[in-house]
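Taking it in order: structure first as C-alpha cells, then the write-up.
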Amino acid sequence: KQEVTQIPAALSVPEGENLVLNCSFTDSAIYNLQWFRQDPGKGLTSLLLIQSSQREQTSGRLNASLDKSSGRSTLYIAASQPGDSATYLCAVSGANSGYSTLTFGKGTMLLVSP
Amino acid sequence: GAGVSQSPSNKVTEKGKDVELRCDPISGHTALYWYRQSLGQGLEFLIYFQGNSAPDKSGLPSDRFSAERTGGSVSTLTIQRTQQEDSAVYLCASSFGDKGYGYTFGSGTRLTVV
C-alpha cells in the first residue's frame, strides 16, 4: 500500500526566505505526483503536476522536483510572501492502482510572517 | 459550471441519521472522485467514477457509505446511520479523462455528527 510522508509537518519563516518542503513515497510505481495548496476552509488548488518521466516542473516562484527511484519530491518556494501561508499537500497517483486516484500526505502547514 | 460545486457546505446531524452530500462537477469532466479529510489525517480516497464504467469503491470505509452518479454528472454521497467517527470534511473533485489531468476540487462539505 502506497504511503506518502511530508516533512516538516509545520514551518514558520520570515518573509523573503527561500524554503523547501519535502515529500516521500514508499511505492515508486507512480504515474504522476502533484503538489496542492489548501487554504483554511477551502478546497485544494493544484500547483504543479510532475509526470513520472519528468524530473521537475516550475511555475513562477515554485519549483517541484521528482526523484522517482528514491521516492522523493521537493517543493521549492523562492522569496516567500505572507500570501504563501497555507497547507501544502503532496499526492501521488499509482500506476498499479488506477492512474488518477490520489494518495495524499498529511501536509506541511506553512506560515510566512511579514 | 466554472468550478466543482458541493452542497451543503456544512451539515450537523444526529448520530444514527442518514445524510446525503451533493457534488456538481465541472462540465465535460468525465471523472469524479470523493475524498474525506478527517482532523489530523490526510485526505483519504473514497470512491471514483469514470464515464459509464463501474465505480471504484475500494476506498469506502464501510457498507454504510454509498455513492451514485446520475447521467455522468451530479454525484451524491450517502452515509447511513451516521457515527461520530464519520465527522470530517468530504471533498469532491473532477478531472479530464482517466489520467487525472485538470484535477479540480470543490470547497467540501463539513459534516459534524453529534
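Protein sequence lines, in the order shown, are assigned to chains A and B.
Here my numbering is used: the first residue of the first sequence is 1, the next is one more, and so on.
Here my numbering is used: the first residue of the second sequence is 1, the next is one more, and so on.
All C-beta atoms, glycine included, are put in the ideal place defined by N, C-alpha and C.
When the options are compared against residue i, the one with the closest alpha-carbon
i: A:GLN2; options: A:LEU19, A:ALA29, A:GLU15, A:VAL20; result: A:ALA29
i: B:LEU43; options: A:ILE50, A:VAL92, A:TYR31, A:VAL112; result: A:VAL92
i: B:LEU111; options: B:GLY40, B:GLY97, B:GLY71, B:GLN83; result: B:GLN83
i: A:CYS23; options: A:PHE104, A:LEU111, A:SER113, A:VAL112; result: A:PHE104
i: A:PHE25; options: A:ASP39, A:VAL112, A:GLN6; result: A:GLN6
i: B:LYS99; options: B:ALA54, B:TYR90, B:LEU39, B:ALA31; result: B:ALA31
i: B:PRO8; options: B:TYR90, B:GLY28, B:THR104; result: B:TYR90
i: A:VAL112; options: A:LEU102, A:ASP84, A:THR101; result: A:ASP84
i: B:TYR35; options: B:ARG81, B:ALA67, B:GLY97; result: B:ALA67
i: B:THR13; options: B:THR104, B:GLY97, B:ARG81; result: B:ARG81
Same chain, Cβ closer than 8 Å to residue i, five either side skipped, listed in chain order
i: B:TYR101; result: SER95
i: A:GLU56; result: ILE50, ASN63, ALA64, SER65, LEU66
i: A:ALA9; result: LYS106, GLY107, THR108, MET109
i: B:LYS11; result: VAL19, LEU21, THR109, ARG110, LEU111, THR112
i: B:ALA54; result: none
i: A:LYS68; result: SER28, ILE30, SER52
i: B:HIS29; result: SER94, SER95, PHE96, GLY102, THR104
Neighbourhood of residue i by C-beta, 7 Å cutoff - its chain only, sequence neighbours within 5 removed
i: A:TYR31; result: SER52, SER93, GLY94, ALA95, TYR99
i: A:LEU19; result: LEU11, VAL13, ILE77, SER80
i: A:ARG61; result: ILE77, ALA78, ALA79
i: B:ARG69; result: LEU32, PHE49, SER75
i: A:THR101; result: SER93
i: B:TYR103; result: ALA93, SER95
Whether residue i touches residue j by CB criterion (8 Å)
i: A:SER73; j: A:LEU33; result: yes
i: B:GLY59; j: B:PHE45; result: yes
i: A:LEU47; j: A:ARG37; result: yes
i: B:ASN52; j: B:GLY71; result: no
Cut-off 6 Å between Cβ atoms - residues of its own chain near residue i, not counting five sequence neighbours on either side
i: B:PHE65; result: ILE79
i: A:ASP27; result: GLN2
i: B:TYR33; result: TYR48, ALA93
Nearest-angstrom Cα separation, counted from residue j out to residue i
i: B:VAL113; j: B:GLU20; result: 13 Å
i: B:LYS15; j: B:PRO25; result: 29 Å
i: B:GLN41; j: A:VAL4; result: 12 Å
i: B:PRO61; j: A:GLY16; result: 43 Å
i: B:SER107; j: A:SER59; result: 23 Å
i: A:PRO82; j: B:GLY3; result: 26 Å
i: B:ASP56; j: B:ALA88; result: 21 Å
i: B:ASP63; j: A:GLN54; result: 39 Å
i: B:GLU85; j: A:LEU44; result: 23 Å
i: A:PRO40; j: B:SER38; result: 14 Å
i: A:PRO114; j: A:LEU75; result: 21 Å
i: B:CYS23; j: B:GLN6; result: 5 Å
beta-carbon residue i near the ligand ATP non-hydrogen atom, thresh 7 Å
i: A:LYS1; result: As far as ligands go, the structure on display features none, and thus does not contain the ligand ATP.
Is the stretch 78-88 of chain A touching the stretch 66-77 of chain B in the sense that three or more CB pairs, one from each, lie closer than 8 Å?
no
For the stretch 16-39 of chain A, which residues have a beta carbon sitting closer than 9 Å to at least one beta carbon of chain E?
Note that chain E does not occur in the displayed structure, where the protein chains are A and B.
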